[in-house]
Amino acid sequence: MNRELSSFDIYVIVSELQDLKGSYVDKIYQLTRDELLIRLNNRKTNQKEIVFIRNGELLCRTQKKFDTPKKPSTFAMTLRKYLLNGRINDIAQHEFDRIIKIKIVKKEEEYTLIFELFSKGNIILLDPDKKIILPLIKQHWAHRTLKPREIYVSPPSQINPFNLNQE
0 MNRELSSFDI YVIVSELQDL KGSYVDKIYQ LTRDELLIRL NNRKTNQKEI
50 VFIRNGELLC RTQKKFDTPK KPSTFAMTLR KYLLNGRIND IAQHEFDRII
100 KIKIVKKEEE YTLIFELFSK GNIILLDPDK KIILPLIKQH WAHRTLKPRE
150 IYVSPPSQIN PFNLNQE
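Its first residue numbered 0, the sequence shown is counted upward by one per residue in numbering that gives the first Met the number 0.
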């Protein structure tokens with residue numbers, strides 16, 4: 000049975016990742032075309048943390064050991080160039096969508112790593128001006144394009160139940 004994460008699942012995941020704020024990016028690996036591994040140094044607990052991402056499907060912490068590729072992919076090398084030794088400043092869900100945004104500060108520049116966990120998914124690195132440095136997958140729709148040097152535009156948001164009032 001193939002089950003997608005709901006917006007509420009993403010809300011819970013993001014709340015469980017909050018203690019990673021302040022952690023430093025130690026290493027980034029692209030295990031397969033759709034799998035990414037981010038190793039972090041958690042300065043609060045003095046522990047190594049591992050975040051595993053399967054594009055479009057899941058993002059979770061793990062203690063599992065993975066075989067890492069000897070030669071990094073272009074995508075992994077680009078992420079390393081901009082994020083290695085950067086500090087996680089914020090982890091948030093975009094509106095109530097299936098999008099997780101991780102803000103990482105390196106040399107006083109704030110980069111954003113976006114995980115779109117819907118449809119075919121995508122992992123996108125943004126520069127401080129919200130321009131796309133590199134997406135995992137180049138994509139184009141009527142209302143947005145995901146390719147290098149384009150301004151990142153989020154997909155249309157759905158209703159956020161936390162912002163609703165009685166009316």
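Beta carbons are placed, not taken as given, at the ideal position from N, Cα and C, and that holds for glycine.
- Under the DSSP definition of a beta bridge, Y28 partners with L36.
- Assignment of beta-bridge partners to D89 by DSSP yields K102.
- The C-beta of A141 has fewer than 16 other C-beta atoms within 10 Å across all chains shown, which makes the residue exposed.
- The closest CA to that of D96, considering only L78, R86, G120 and G85, is found on G120.
- For T111, the enclosing beta strand (DSSP E) starts and ends at E108 to E115.
- A straight line joining the alpha-carbon of L125 with that of R79 spans about 13 Å.
- Ranked by how close their Cα comes to the Cα of R148, the residues K130, L135 and P134 have K130 in first place.
- Beta bridge pairing from DSSP links L133 with L124.
- For R79, the enclosing alpha helix (DSSP H) covers residues T73 to L82.
- Collapsing the DSSP output to three states places L19 in a helix.
- Shown here, V50 sits in a strand according to DSSP, grouped into three states.
- For T77 against I132, the beta-carbon gap comes to about 7 Å, under 8 Å, which counts as contact.
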